[in-house]
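Protein chains in written order, with our numbering: chain A, 8 to 143; chain B, 4 to 225.
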Amino acid sequence: MKVIIMGCGRLGAQLAAMLEADGHEIAILDIDKYAFAHLPPTFKGRKILGDGTDQDTLRRAGAEHADAFVSATRGDNRNALAAQVAKHVFKVARIGSVIFDPIREEVYRGLGLRTINPTRIEAEMLRESIERPEDV
Amino acid sequence: MFIVIAGAGQVGHHLARALVADHEILIIEIDPSRAAFVAEELGEEMVMQGDACDAATMERAGMERADLVVAVTGDDEDNLTFCQIAKAKFDVPRAVARINNPQNESFFRQLGIDATVSATSLIMAHIEQELPWQGLLPVLTLQTRGLEIVEVRVPPHAAVVGRQVKQLLLPQGALMSLIIDAEGTPRLPTPETIIHGDDIILAVTSIETEESLRSALTSSTP
Numbered sequence: 008m009k010v011i012i013m014g015c016g017r018l019g020a021q022l023a024a025m026l027e028a029d030g031h032e033i034a035i036l037d038i039d040k041y042a043f044a045h046l047p048p049t050f051k052g053r054k055i056l057g058d059g060t061d062q063d064t065l066r067r068a069g070a071e072h073a074d075a076f077v078s079a080t081r082g083d084n085r086n087a088l089a090a091q092v093a094k095h096v097f098k099v100a101r102i103g104s105v106i107f108d109p110i111r112e113e114v115y116r117g118l119g120l121r122t123i124n125p126t127r128i129e130a131e132m133l134r135e136s137i138e139r140p141e142d143v
Numbered sequence: 004m005f006i007v008i009a010g011a012g013q014v015g016h017h018l019a020r021a022l023v024a025d026h027e028i029l030i031i032e033i034d035p036s037r038a039a040f041v042a043e044e045l046g047e048e049m050v051m052q053g054d055a056c057d058a059a060t061m062e063r064a065g066m067e068r069a070d071l072v073v074a075v076t077g078d079d080e081d082n083l084t085f086c087q088i089a090k091a092k093f094d095v096p097r098a099v100a101r102i103n104n105p106q107n108e109s110f111f112r113q114l115g116i117d118a119t120v121s122a123t124s125l126i127m128a129h130i131e132q133e134l135p136w137q138g139l140l141p142v143l144t145l146q147t148r149g150l151e152i153v154e155v156r157v158p159p160h161a162a163v164v165g166r167q168v169k170q171l172l173l174p175q176g177a178l179m180s181l182i183i184d185a186e187g188t189p190r191l192p193t194p195e196t197i198i199h200g201d202d203i204i205l206a207v208t209s210i211e212t213e214e215s216l217r218s219a220l221t222s223s224t225p
C-alpha cells in the first residue's frame, strides 16, 4: 500500500520503519527537517518537508493515490484537521489519527474518524502492570 | 445572544469590543499574559484563560448555553477543532471560523462550519477586482445550501451596460438583490432597471454558479 505519515517524531518514524519492513511504500511529512533524524538509516521512503494540514503539501506527498493516511504529530488539532482533509478532500480509504485528549478523541470518533488515543492505551497498560504484575 | 470567542488576538479582541454592547461575550485565550492584557480592558468576567479546545475549559465557559461560537485564532486547525467540539459535544447552533489558509474555506463548510471568513481570500478578491478583468467579491457566506452574497462592479465596457435586468442572462439560481449606482444610491432592481457602467451589484449565488455570474455581468462580449 501507499501510505502517507504526517509527523516524523519517534512514533511516526517507528511506524514508518515498521510499515516499510512489511513492504509498504511510505511518504513521511514533517515541518521540521531535523525530525527526519528519527528515521532509521535504512529508510528508503520519501521524506517531505511540509505542513500536512495543507492540501498542496498532501498532494505533493501523493495523497491523490494514497491507500492510507496516518496523522501522528503531537498536536491533536493538527492531526484531526489533516486526517479530515485526507478523508474528505482526497478520499483516502484508510485513515488513522492520533488524538491524545480522550474527550477530543471521542468527538472525532463520533464524526467518523478512525482515532487512536495513546493516553488511554498507555494508562490501561500501566494499570495492568500495577494490578497484574506477572513478570516479577 | 451569548457568544463565545476562541482567541484574544487582534481579531478576537476587537470583535469582542464591537459586540459587547449588544451581546454577552466570553473570550477564551490560551496565553496567560495575552488573556490578562485583554481582561484589563474588557473586564475579568469577559475573558477566560485556557485552551478553548479543551472540553473542561469549554464546560467552564458555559458552552452549552452558547448561541454562537466564533473561532478567530491564527491557526486553522485550532479554529476547526473548537467549532467541531462546540457543535458535536455542546450542541451550539452556529459556528463561525476564521480561515488562514484559503484552501480550507470550502472544506470547513463541508465539515459543517456555518460561516467562514478568510482575510487572505478577501484581500485577494480586492486585488483581483483592481485588475483589468473584473472580479467578484464575496461579501457573506450564508449558512444554508452553499449560497453566498457577492459584490460585482460592472465595468463600463461590459456587454450588460445599457440593458434592462429582464434582458440579462444570469445563471440559474443567481439573484440580483441590489444595485448601487455610481453616485452611491441603492435601488432594488426591477425587470425594467437599466444597468450602467460602474454600478455595483449585490447578488445571491450558489458557489458553483459564481464564475458564470461574474462572467455574465462583467464580460465585454455578450
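Built from N, CA and C at the ideal position, the CB exists for glycine as well.
**OP:** Take Val114 (chain A) as the anchor and find which of A:Ile35, A:His72, A:Asn84 and A:Arg66 has the nearest alpha-carbon.
**Re:** Stepping through the first sequence from its first residue, residue 114 (chain A) is reached at position 107. Here the closest residue by C-alpha is A:Asn84.
**OP:** Name, please, each residue of chain B whose Cβ falls closer than 9 Å to the Cβ of Asn124 (chain A).
**Re:** Residue numbering aside, residue 124 (chain A) sits at position 117 when the first sequence is read from its first letter. Ordered by position in chain B, no residue passes the 9 Å Cβ test against Asn124 (chain A), which lies about 14 Å from the chain.
**OP:** Please classify Asp108 (chain A): is it buried, with 16 or more other beta-carbons within 10 angstroms of its beta-carbon, or exposed?
**Re:** By 1-based counting over the first sequence, the position of residue 108 (chain A) is 101. So Asp108 (chain A) ends up on the buried side.
Original post:
Do you know offhand how far Gly77 (chain B)'s Cα is from Pro105 (chain B)'s?
Top reply: On the second sequence, residue 77 (chain B) is found 74 positions in, with the first residue counted as 1. On the second sequence, residue 105 (chain B) is found 102 positions in, with the first residue counted as 1. Cα to Cα, Gly77 (chain B) sits roughly 13 Å from Pro105 (chain B).
Subject >> Residue range of the beta strand (DSSP E) that includes Ile137 (chain A) >> reply: For the purposes of this step, residue 137 (chain A) is taken as the residue at position 130 of the first sequence. First-last for Ile137 (chain A): Pro125 to Glu138, but that is the alpha helix (DSSP H), not the beta strand (DSSP E).
**OP:** Take every Cβ of the stretch 178-189 of chain B, pair it with every Cβ of the stretch 204-216 of chain B, and state whether three or more of those distances are shorter than 8 Å.
**Re:** yes
**OP:** Check the C-beta distance from Ala110 (chain A) over to Ala58 (chain B) and give it rounded, since I have them as a contact under 8 Å.
**Re:** Position 103 of the first sequence, counted from the start, is the residue given in the question as residue 110 (chain A). Position 55 of the second sequence, counted from the start, is the residue given in the question as residue 58 (chain B). Reading off the sequence shown, one finds Ile at residue 110 (chain A), where the question assumed Ala. Indeed they touch by this definition, with Cβ atoms about 4 Å apart.
Subject >> Gly14 (chain A), DSSP secondary structure in three states >> reply: Taking the first sequence and counting its residues from 1, the one referred to as residue 14 (chain A) is at position 7. Residue state, collapsed to three classes: coil.
**OP:** Return the Cβ separation of Ala70 (chain A) and Ala93 (chain A) in integer angstroms, given the expectation that the two are a contact with Cβ distance under 8 Å.
**Re:** Against the first sequence, residue 70 (chain A) aligns to sequence position 63. Against the first sequence, residue 93 (chain A) aligns to sequence position 86. That pair is a contact at about 6 Å.
Original post:
Thinking C-alpha only, which one of B:Asp117, B:Met4, B:Pro141 and B:Ile31 is nearest Met127 (chain B)?
Top reply: For this step, residue 127 (chain B) is matched to residue 124 along the second sequence. That would be B:Pro141, whose Cα lies nearest to the Cα of Met127 (chain B).
**OP:** Go ahead and pull the three-state DSSP assignment for Lys90 (chain B).
**Re:** Working through the second sequence from its first residue, we reach residue 90 (chain B) at position 87. If DSSP states are grouped into helix, strand and coil, Lys90 (chain B) belongs with the helices.
Original post:
Ordered along the chain, which non-local residues of its own chain (more than five positions away) have a Cβ less than 6 Å from that of Leu120 (chain A)?
Top reply: Start at 1 with the first residue of the first sequence, and residue 120 (chain A) comes out as number 113. These residues qualify, in order along the chain: Ala90 and Ser104.
Original post:
Using DSSP with H/G/I as helix, E/B as strand and the rest coil, what is Ile110 (chain A)?
Top reply: In the first sequence, residue 110 (chain A) corresponds to position 103, counting from 1. Note: Ile110 (chain A) maps to helix in three-state DSSP.
Subject >> beta strand (DSSP E) runs contained entirely in the stretch 29-80 of chain A, provided each spans 3 or more residues >> reply: 32-37, 53-56 and 75-78
Original post:
Thinking C-alpha only, which one of A:Ala130, A:Glu131 and A:Glu112 is nearest Thr122 (chain A)?
Top reply: Counting from 1 along the first sequence, the entry for residue 122 (chain A) is found at position 115. The shortest C-alpha separation from Thr122 (chain A) is found at A:Glu112.
Subject >> Beta-carbon gap between Pro158 (chain B) and Thr221 (chain B) smaller than 9 Å >> reply: Here residue 158 (chain B) is taken as the residue at index 155 of the second sequence, counted from 1. Here residue 221 (chain B) is taken as the residue at index 218 of the second sequence, counted from 1. Against a cut-off of 9 Å, the Cβ pair of Thr221 (chain B) and Pro158 (chain B) comes out as a contact.
Original post:
Lys94 (chain A) by DSSP, collapsed to three states: which one?
Top reply: Position 87 of the first sequence, counted from the start, is the residue given in the question as residue 94 (chain A). Helix at Lys94 (chain A).
Original post:
Listing by chain order, which chain A residues have their CB less than 7 Å from the CB of Asn104 (chain B)?
Top reply: Counting from 1 along the second sequence, the entry for residue 104 (chain B) is found at position 101. Under the 7 Å cutoff, chain A gives Asp61.
**OP:** Could you check if Ile102 (chain B) is buried or exposed, using at least 16 other CB atoms within 10 Å of its CB as the buried criterion?
**Re:** Along the second sequence, one-based indexing puts residue 102 (chain B) at 99. By the 10 Å Cβ count, Ile102 (chain B) comes out buried.
Original post:
Closer than 9 Å, CB to CB, is Glu88 (chain A) near chain B or not?
Top reply: Start at 1 with the first residue of the first sequence, and residue 88 (chain A) comes out as number 81. With the sequence shown as reference, residue 88 (chain A) is identified as Leu, and Glu is not the correct amino acid for it. So yes, Leu88 (chain A) belongs to the interface.
**OP:** Pick out the complete beta strand (DSSP E) segments inside the stretch 104-161 of chain B, 3 residues or longer, and give them in chain order.
**Re:** 118-121, 139-144 and 150-156
Original post:
How many angstroms separate the CA atom of Arg148 (chain B) from the CA atom of Gly82 (chain A)?
Top reply: On the second sequence, position 145 is the one that residue 148 (chain B) refers to. On the first sequence, position 75 is the one that residue 82 (chain A) refers to. Roughly 32 Å separates the two Cα atoms.
Original post:
With burial defined as no fewer than 16 other Cβ atoms inside 10 Å of the residue's Cβ, what is the status of Ala19 (chain B): buried or exposed?
Top reply: If you number the second sequence from 1, residue 19 (chain B) lands on position 16. By the neighbour-count rule (16 or more Cβ atoms within 10 Å), Ala19 (chain B) is buried.
Subject >> Beta-carbon contacts of Asp63 (chain A) that lie in its chain and below 7 Å, excluding the five residues immediately before and after >> reply: As a first step, residue 63 (chain A) is located in the first sequence; it is residue number 56 there, counting from the start. Cβ neighbours of Asp63 (chain A) beyond the five flanking positions: none.
Original post:
Along chain A, in chain order, which residues have C-beta atoms closer than 9 Å to that of Cys56 (chain B)?
Top reply: In the second sequence, residue 56 (chain B) corresponds to position 53, counting from 1. Below the 9 Å Cβ cutoff, chain A contributes Asp83, Asn84, Asp108 and Arg111 as neighbours of Cys56 (chain B), in chain order.
Original post:
Under a three-way DSSP split, which group does Ser36 (chain B) fall into?
Top reply: Along the second sequence, read from residue 1 onward, the residue named residue 36 (chain B) stands at position 33. If DSSP states are grouped into helix, strand and coil, Ser36 (chain B) belongs with the helices.
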